[in-house]
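Working notes, structure below.
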Amino acid sequence: MSSRRSSSRRSSQPRNHQDELSYQRQRVELLAEVTLKIRQSLQLQEILRTTVTEVQRILQADRVLIYQVLPNRTGKPISEAVRPEYQAILGMEFPEEVFPEDYQHLYAQGRVREISDVRDPEAGLAECLVEFVKQFEVKAKLIVPILKTANAQPTTTQRAPNNQLWGLLIAHQCDRPRQWANFELELMQQLADQISIALAQAELLGRLEEMVEARTAELQEANRHLKQEIDDRMQAEAALRQSEEQLRLITNGLPVLISYVDHRQHYQFNNQAYEEWLGKSPAEIHGHHLRDVWGEVGYGEMQTYVEAALSGEIATYENEIQSREGRQRSVKVTYIPHLDKNNNVKGFFSLTSDISDRKAIERMKDEFIAVVSHELRTPLTSLHSALKILATGRLGTLSEDGQQMLEIADDNTERLVRLVNNVLDLQRIESGDVTMAKQACNVAELMTQAIEAMQPMAQQQGITLRTEPVDTQIWADADYMLQALTNLLSNAIKFSSSGGEVWLTVERRLQSNTSDLGSETETDLPPLKVKRKSAKHRSFQTYPKKCFSKFATKDKEFLPPNSKVFLSDSSKSILQIRAKKAERV
1 MSSRRSSSRR SSQPRNHQDE LSYQRQRVEL LAEVTLKIRQ SLQLQEILRT TVTEVQRILQ
61 ADRVLIYQVL PNRTGKPISE AVRPEYQAIL GMEFPEEVFP EDYQHLYAQG RVREISDVRD
121 PEAGLAECLV EFVKQFEVKA KLIVPILKTA NAQPTTTQRA PNNQLWGLLI AHQCDRPRQW
181 ANFELELMQQ LADQISIALA QAELLGRLEE MVEARTAELQ EANRHLKQEI DDRMQAEAAL
241 RQSEEQLRLI TNGLPVLISY VDHRQHYQFN NQAYEEWLGK SPAEIHGHHL RDVWGEVGYG
301 EMQTYVEAAL SGEIATYENE IQSREGRQRS VKVTYIPHLD KNNNVKGFFS LTSDISDRKA
361 IERMKDEFIA VVSHELRTPL TSLHSALKIL ATGRLGTLSE DGQQMLEIAD DNTERLVRLV
421 NNVLDLQRIE SGDVTMAKQA CNVAELMTQA IEAMQPMAQQ QGITLRTEPV DTQIWADADY
481 MLQALTNLLS NAIKFSSSGG EVWLTVERRL QSNTSDLGSE TETDLPPLKV KRKSAKHRSF
541 QTYPKKCFSK FATKDKEFLP PNSKVFLSDS SKSILQIRAK KAERV
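If you count by the working numbering, then the sequence shown holds residues 1 to 585, one letter each, in order.
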């Protein structure tokens with residue numbers, strides 16, 4: 001059968017110079033084709049298949065295969081070109097004994113093996129290997145290593161330190177022994193180098209594909225998160241728009257100015273009432289500074305309270321503003337700070353309500369009280385004078401009952417005169433018409449004068465007045481201080497039983513504030529502004545030239561018998577003056 005195969009095929013050896021030139025030309029063409037495929041294609045299997053097919057055609061070999069060494073030191077052919085009459089071994093996995101580890105090390109160093117006759121003892125093949133290849137009818141073979149290099153630079157003779165054996169390029173002659181020519185060996189080595197390049201490119205491509213796949217996955221995940229964020233933001237914006245529309249719908253229906261001002265004092269929200277009150281469109285207010293909206297004068301009036309709100313305090317004040325029609329509006333303004341989770345002020349909410357009607361009513365009340373008081377004072381004065389004349393007996397002697405009725409009428413007229421005077425004083429204080437004439441006053445003298453002034457009333461009620469004067473100085477208006485003390489004593493006398501005692505005492509306590517009825521009043525503030533403190537917020541209220549208004553009481557607005565008044569002296573200490581009734585023993 002071998003002789004028939006030999007006679008039916010051309011000899012693989014070049015018979016003359018012309019044949020040798022033909023082989024060289026085919027070798028060059030094959031190298032060019034494989035190189036071109038490596039450059040044009042990144043498909044490793046296609047490159048390997050072209051290599052074994054063309055090598056078999058040029059060498060006229062019976063079988064050409066590429067054998068890959070696996071990590072477990074076994075191996076298998078992954079590409080093969082074989083004549084039909086011989087057994088194909090593509091895909092068969094061979095044990096480690098077929099290609100021992102010491103052989104693998106030799107080929108990794110660049111060893112090339114050409115065997116003309118596998119049965120020839122000079123070939124140096126072990127008997128077991130001879131028997132193994134016999135089953136595939138192998139008579140001669142040519143073996144060239146395929147090395148895998150880290151830098152993709154092929155090597156054909158010596159193994160670089162970073163090279164490793166990837167596989168073998170093998171040519172089999174099965175019909176007869178064969179003497180391999182040098183050019184055939186060179187062709188196999190050159191093709192093995194090209195395969196090494198293809199392997200490096202395939203590995204690089206695999207890494208790039210992994211990187212691209214990983215990067216694509218990252219981008220897809222980022223895109224998913226971005227899409228989710230966009231969806232969430234769109235939903236949040238839609239909810240915010242809906243909430244803002246609802247808020248604007250509510251605030252536009254209220255007859256007050258409602259706005260939000262950021263920490264830069266720029267409007268970020270305002271309701272429709274601004275346009276109705278001030279005649280300014282939303283575009284003229286939104287994003288603009290308070291000074292631009294209210295002008296220099298208006299901003300100067302609110303600046304103190306704005307700064308207080310931006311420092312974290314609730315500020316309340318009253319003011320006058322001019323409306324779009326040119327009329328003045330009396331308003332009450334409240335600033336409420338907007339704090340973040342770290343208690344940093346981000347801005348404040350502003351609420352401005354129209355109190356013009358209330359102010360008008362207060363003015364009408366004050367005017368009514370003033371008119372009535374003045375109208376009452378004249379007839380009361382005349383009546384009181386007439387009663388005094390009757391009491392002298394110049395107009396005749398009265399009976400005992402008449403004299404008693406005269407005394408009652410005189411007492412009542414005096415009480416009415418005091419009430420009218422108190423009402424007038426209260427009206428003047430609230431309207432700011434009272435002028436304080438502060439001076440150094442001796443407390444002992446004030447207490448003595450108050451006791452002497454109230455002694456007749458106490459004697460009529462059967463009350464004993466007692467005092468322990470304290471010789472110290474205070475800075476106050478003597479007349480108003482005396483009025484406050486007499487009011488205290490008057491109330492204590494009224495609510496004491498006949499035969500009782502009323503004490504007027506003074507205690508000195510060091511303190512930095514002046515208090516009336518428990519409210520703290522800081523004495524170092526300007527005289528026209530009193531700052532009241534509560535547990536929740538601080539509000540600023542203006543009391544023009546007003547002092548101790550709580551003690552300018554009408555008859556029905558009395559102080560309890562054990563009332564206290566705290567007066568500040570020049571040494572910043574506190575004098576506690578107490579009018580106290582003592583139980584009768």
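Backbone N, C-alpha and C define an ideal beta-carbon position, used for all residues, glycine too.
Take the alpha-carbon of S311 and the one of P337: they are about 8 Å apart. Under the DSSP assignment, R233 falls outside any beta strand (DSSP E), being part of the alpha helix (DSSP H) whose first and last residues are 182-252. When Cβ pairs closer than 8 Å are counted between the two stretches, the stretch 355-373 is seen not to touch the stretch 387-396, the count staying below three. Partner residues in the beta bridge of P77, as assigned by DSSP, are Y67.
Between A444 and L489 the beta-carbon gap is near 16 Å, outside 8 Å, which marks them as no contact. Rounded to the nearest whole angstrom, the CA to CA distance from D193 to I146 is 7 Å. According to the DSSP assignment, E452 belongs to the alpha helix (DSSP H) that extends over 443-461.
Taking 8 Å as the cut-off, the beta carbon of L185 is found no closer than this to the beta carbon of E122. Within the model, the alpha-carbon separation for D232 versus T216 is close to 23 Å. Counting along the chain, G298 sits inside the alpha helix (DSSP H) bounded by residues 290-310. In this structure, E46 keeps its C-beta atom at 8 Å or more from the C-beta atom of R63.
According to DSSP, G91 shares a beta bridge with no other residue.
Comparing C-alpha distances from A283 to each of H266, Y299, V297 shows the shortest one belongs to H266. Here DSSP, grouped into helix, strand and coil, assigns S356 to helix. With a contact defined as Cβ atoms closer than 8 Å, V333 and S350 qualify at about 7 Å.
Counting C-beta pairs with one atom in each stretch, the stretch 195-204 and the stretch 88-100 have fewer than three that are closer than 8 Å, which means they do not touch.
Put simply, of A108, S497, M481, I197 the residue whose alpha carbon is nearest the alpha carbon of M436 is M481. The stretch 302-309 and the stretch 323-330 do not touch, with fewer than 3 CB-CB distances between them shorter than 8 Å. Around the beta-carbon of L187, 16 or more other beta-carbon atoms lie within 10 Å, marking it buried. Between the alpha carbons of M234 and S353 lies a gap of roughly 36 Å. Taking a contact to require three or more Cβ pairs closer than 8 Å, the stretch 450-461 and the stretch 416-426 do not qualify as touching.
A residue is called buried when at least 16 other Cβ atoms come within 10 angstroms of its Cβ; H172 meets this threshold and is buried.
Contact check for K438 against A476 passes: the beta carbons are separated by less than 8 Å. Assigned with DSSP and collapsed to three states, K139 falls in coil, not helix or strand. For A476, the enclosing beta strand (DSSP E) starts and ends at 473-476. With a cutoff of 8 Å on beta-carbon distance, L398 and L406 are scored as near each other. Comparing C-alpha distances from H263 to each of L208, Y335, L240 shows the shortest one belongs to Y335. At the C-beta level, Y67 and L168 come within 8 Å of one another. For L165, the uninterrupted beta strand (DSSP E) segment begins and ends at 164-173. Where R264 is concerned, there is no enclosing alpha helix (DSSP H), because DSSP gives it neither an H nor an E.
DSSP places S350 in the strand class (E or B) of the three-state scheme. For R207, there are no CB contacts under 8 Å within the same chain when 5 residues up- and downstream are skipped. The Cβ-Cβ distance between R176 and K139 falls below 8 Å.
The C-beta of I230 has fewer than 16 other C-beta atoms within 10 Å across all chains shown, which makes the residue exposed.
Taking the Cα positions, R329 is about 14 Å away from G279. Taking C-alpha positions only, M92 is separated from N223 by approximately 46 Å.
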